[in-house]
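Note that the protein sequences, when read in sequence, are chains A and B. Under this note's numbering, the first residue of the first sequence carries the number 14, and numbering increases by one thereafter. Under this note's numbering, the first residue of the second sequence carries the number 495, and numbering increases by one thereafter. Using N, Cα and C, we set each Cβ at its ideal position, and we do this for glycine too. Computed from a predicted structure; not experimentally measured. Worksheet for the structure shown next.
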Amino acid sequence: MDKVMEKKKRQKSGMIRKGAVVPFIVFVTVVVVFNILLLDGLLKKSMEFLGSKINGAEVNVASVETDFKKLSLQIKNIQVSNPENLDFNRLSIDSIKFSLLWDGILRAKFIVNESLISGIRVDQKRKNKAVLLKSETAGEEATQAAQKSLAVAKEEFQGNIFGDLSAVLSGVDSQSQLKVIESDLQSKKKYNEIKSDIDKKEEEWKSLEKSLPQDEEIDSLKKRISSINFKDLGNIKKAGKVLKEINEVKKQSKSYIDQYKKVSQKFKEDSEYLNKSIKEVDSLVEEDVSSLEKRMNIPSLDTKNIAQILFGKEFASKVEEGLRYFNMAKEYLPPKKEKTKENTVIVKRRIGRNYQFGRAQSYPAFWIKKMKIDSENEQGKMQGEILDLTSDQARLNKVTLIKIEGDFPQKGLKDIKINGVIDHRSTIEDKLSASFKSPVENKKLSQSDSVTFNVRQASSQVNLTALIKENDIEFDMKNVFTDVDYEIEAKSSTMKEVLTSVAQETPRITVDATAKGPWQDLKWKINTNLARSISEGLKRHVQGKINGMKKKLRESIYSKIAEDKESLKKRVTALSSENIEKLKGKSSKVDNLLTDMSKKQSEGGKPKVDKVFDSLKKKFKF
Amino acid sequence: MTLILKQLFALLKVLNSDTGENQIAAGVACGLVLGFSPFLSLQTLLIIAVLFFFRVQIGMALTSSFFFKMVAYLFDPVFDKIGTLVLELKALEGIFTTLYNLPIIPYTKFYNTIVMGAGVLSILLFPVIFLVSKNIVVKYRVVIVERFRESKVWKVIKATSLYKWYAKYEQYYG
């Protein structure tokens, strides 16, 4: 009965679930209310997350206010912390306002006609220390290679020239250093290898020699020759047998001589090889010398090297930062890609690739037409604009233009000028330049236990330019420090004297640094008048000591291996001459036997044989 | 784990109930589309609306969407290849351009290779999955459920007071 009722009930209810209208409306209302109430919070969190990722250190946003009717958004109090000094903000912005276009948002495109940025402050102390984010090395293979190459460059530029020089001046004990690394000496290792090679060869030679005919066999050969009756050669009946025996003995003797010659030749070749190996060790000695120089931090007084140590690391860090921003620009403002089959793109899981089917002049996925900067506060002022920031320059045929000018007298930051053209319409062709004047305080040039050589105070004028064309860059930094007040401390009086005179000679420091080439293989050029002054000053005082130190080092290594070299040479000569002479003796012994036999053969048998032949000729009337 | 077990029990309950096979099969097929679509997209909202307004077994749709989501993860590279193939078809470029510039439609994310590939496959597989799952449900009910009901074990269980109590509970509150 129940079943029948249920069946009827089921037949009555059609495809449409009328009762679900109310729950659906409730569901939609809940979703909409949830979004309206929590959207601002979600946006704030997303902005902080993304901003921190881009900045490499914490970014805070005080609030985000959205207006659904106007599709407008206001972001208040953005604090971008300084990754190098987490107690300070690199930049803080009071407000960013913009409105999205309904026309765009309906098409899932973010289009902004004008946005306004106001209330910019720089270098402000934070209430709480910022959190530094772990740097991400993941990315394209090319990016990883570029990051690796920059890390290598930074490592190369690392050094403590003055500390190292102080050590040289105070006299580092090269013998004790040498003792520590004796087991690592390449030349020593090679000699040990040669020693074991000689041992092996000796064994090999012994077994080879054993395999050769010995004195007993030569004696038996001698006995065999003496048992031959050469007079029987005149006897026609016996001559054949005797001749056969003579031939066999000859054959055997020749084979003995051949064996001796062959082995003797091998001995010669082996000893030549061993002598060559011993000679090769000399080049390894030079390698040992340079590696020990590095280990003992014997500095080079080359201007290029000093300039790299003084300013290379800082410059490489700036280029590294440039690479980070360039990669971001490449990701968010991608250049137009050619659709070729060879151009395979690695597709991220769950993300895929987006195609764009826009008509000419249709909206790109993201486009801020004008970003106006208008800021004036107690710190200073900043004005400028960023035009056409878009994810698809190719479709709009517009490049992104940046023009910003500002002054922050309270912070001593003056004449800030930033100009840029980001052109990703077909290929990447970016031009960026920035210049500003700023005060310098406690700039570390070289700091060690024995020497402090820093800039206590100075004024600097910085000019940076970057030209990027596809994967090639030309990054140029011109830095001028004026009114330089140096901080000099040194344990060694010579060093203090040198640095004081350098400081007096160089009240104005100029640094001209260039990094050029593909990201993965940048060619670095760093010139500075400070490096020249230091090099010249040091050369006058310490070059002699450095040269003396290097000479001493070379002599120490040579003395360590001289004994080995001589003993190995002697051993090879003795071994080869002894063995070759031995074989020579045996070979000449057999050779003598052969000569002796031939002599006996010609003396004893030949006339009789001739007679036999003559009688035979007569018989057959020849 | 609790969630998975809950889903499994719900699935068994639906299969053993008197719910129509068409509703269950439609639920499985809708689950396929849900599982293959991005979580936040227009097509997901459409399917949710369909689940609400039409007599489709919601539990079955959610269970199968959970299953097809995992399948979709494994088949990402295949979806990407199919999507690329479709999106690069010259003949469809005009349609895609129109759709891309229409309001609302871009929220389907049809221009993404994985979404397009998964979308094409789910449209093609929808009737197949519907028919196959319908057949399976029918066969399951005839072969397994009916045989089980005729078995002595079931009859013994049915005779227990505990089952009778459960049956009463189901009648009033189930």
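With a cutoff of 8 Å on beta-carbon distance, L336(A) and V135(A) are scored as not near each other. Secondary structure of M28(A) (DSSP, three-state): coil. Where N606(B) is concerned, there is no enclosing beta strand (DSSP E), because DSSP gives it neither an H nor an E.
By the rule that beta-carbons nearer than 8 Å mark a contact, E587(B) touches chain A. For the stretch 30-58 of chain A, the set of positions with a beta-carbon nearer than 7 Å to some beta-carbon of chain B reads R30, A33, P36, F37 in chain order. Excluding residues up to 5 positions away in sequence, C524, V527, L528 lie with their Cβ nearer than 6 Å to the Cβ of I541(B) in the same chain.
Using a Cβ-Cβ cut-off of 9 Å, T607(B) is close to V360, G365, R366, N367, Y368 of chain A, given in chain order.
When C-alpha distances from R438(A) are compared across S404(A), S112(A), L145(A), I431(A), the shortest belongs to S404(A). Between L114(A) and N98(A), the C-beta spacing is not below 8 Å.
Using a Cβ-Cβ cut-off of 8 Å, S404(A) does not count as an interface residue toward chain B, since no Cβ of chain B sits closer than that to its own. The stretch 276-287 of chain A and the stretch 591-603 of chain A touch, with three or more beta-carbon pairs separated by less than 8 Å. Listed along chain A are Y368, each with a C-beta nearer than 7 Å to that of L581(B).
According to DSSP, residue pairing for L445(A) in a beta bridge involves G433(A), A479(A). Across the structure, N318(A) and V165(A) are spaced so that their CA atoms are roughly 15 Å apart. Annotated as distal: F324(A) and T523(A), with beta-carbon spacing of 8 Å or more. Membership of P531(A) in the beta strand (DSSP E) is indicated by the continuous run 522-531. The beta-carbon of T591(B) is placed less than 8 Å from the nearest beta-carbon of chain A. Secondary-structure assignment with DSSP links N540(A) through a beta bridge to D525(A). Spanning the alpha carbons of L297(A) and E591(A) requires a straight line of approximately 30 Å. Distance between D436(A) and V412(A), taken at the CA atoms: about 5 Å.
A distance of 8 Å or more separates the beta carbons of G577(B) and T538(B). If you draw a straight line from the Cα of L104(A) to the Cα of A519(B), it comes to about 59 Å. Where V572(B) is concerned, the enclosing alpha helix (DSSP H) starts and stops at 570-581. It is roughly 27 Å from the alpha-carbon of N73(A) to the alpha-carbon of G433(A). Per the Cβ contact rule, the stretch 576-595 of chain B is not in contact with the stretch 546-560 of chain B (fewer than 3 Cβ pairs under 8 Å). The Cβ-Cβ distance between V622(B) and V580(B) does not fall below 8 Å. Every candidate alpha helix (DSSP H) stretch fails here, since none sits fully inside the stretch 200-236 of chain A while reaching 4 residues. Per DSSP, R134(A) lies in no alpha helix (DSSP H); the unbroken beta strand (DSSP E) holding it starts and ends at 123-138. In summary, E71(A) is buried, with 16 or more beta-carbon neighbours lying within 10 Å of its beta-carbon over all protein chains present.
Chain A places no beta carbon closer than 8 Å to that of G613(B), leaving this residue out of the contacts. Bounds of the alpha helix (DSSP H) holding R641(B) are 640-644. The DSSP-derived three-state label of T440(A) is coil. Look at F339(A) here: in three-state DSSP terms it is helix.
Taking a cut-off of 8 Å on C-beta distances, the stretch 237-244 of chain A does not touch the stretch 559-571 of chain A, as fewer than three cross pairs fall below it. S388(A) sits away from G32(A), with the two beta carbons spaced by 8 Å or more.
Taking the Cα of L234(A) as reference, the smallest distance to any Cα among D271(A), I441(A), S266(A) is reached at S266(A).
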